[in-house]
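Letter by letter, the sequence shown follows residues 1 to 152 of the working numbering. Where is the CB? At the ideal position from N, CA and C, for every residue including glycine. Everything on this sheet refers to the single structure shown next.
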Amino acid sequence: MVPLFPEVRNYLWELHEETEDGGIYVLPNIRHTTNVLPTLQRIIKRAGLKVWPKAWQNMRASRATELENEFGTHKTTQWCGHTEKIAEAHYWMVTADAVKQASEWESGAHLVQQVADRGGNSSQARKETPAFTGVCEALRGSAEVFSGARGT
């Protein structure tokens, strides 16, 4: 069983209401189509939006990521029909919201402030602040993004 999410349910219900009496298909025009990508691209263009590459995969990845964040791995992989290994390799992504949340995160910052309040120096702060917290106010906002290529 897969939940019918509210964002989709409302649109499908509207389409169902527009079907002929006794009609069971809400999108009968694409029922026998094996490649629905051109139809999706036309819909995107009609909406005045830019068609992006791999539209179906990107939409699936977005939803899989949202579900993973909200409901966890077990439920998400069952609902989406893929394994955790496949989801990790192809679907789950870091979202802009996650990057924003991480950039505003101040884990361990209170420890640095406590040492400073006691008249301590930065070497004391480093000893008292766990290494994994990555607290360094002097570098905040000036970090470079490296491409991973040799020499960069």
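So, residue i versus residue j, is the Cβ gap smaller than 8 Å?
i: Thr76; j: Ala64; result: yes
i: Tyr25; j: Ala61; result: no
i: Ala55; j: Leu67; result: no
i: Leu4; j: Leu15; result: no
i: Trp79; j: Val2; result: yes
i: Thr39; j: Ile30; result: yes
Over what stretch of residues does the alpha helix (DSSP H) that includes residue i continue unbroken?
i: Trp13; result: 6-18
i: Lys54; result: No alpha helix (DSSP H) contains Lys54, which DSSP labels as neither H nor E.
i: Arg31; result: It is not in any alpha helix (DSSP H) - Arg31 carries neither H nor E in the DSSP assignment.
i: Thr39; result: 37-46
i: Val26; result: From DSSP, Val26 is part of no alpha helix (DSSP H); its letter is neither H nor E.
i: Ser103; result: 96-104
i: His74; result: 73-80
With distances taken from CA atoms, which of the options is nearest residue i?
i: Gln41; options: Pro28, Met59, Arg31, His32; result: Met59
Where does residue i land, buried or exposed, given buried means 16+ other C-beta within 10 angstroms?
i: Glu17; result: exposed
i: Ala47; result: exposed
i: Ala96; result: exposed
i: Ala98; result: exposed
i: Ala87; result: buried
i: Ser142; result: Note that Ser142 scores 42 on pLDDT, short of 50, meaning its location in the model is unreliable and no value can be drawn from it.
Spell out whether any CB of chain D is found under 8 Å from the CB atom of residue i.
i: Asn29; result: No chain D appears in this structure, which consists of one protein chain only.
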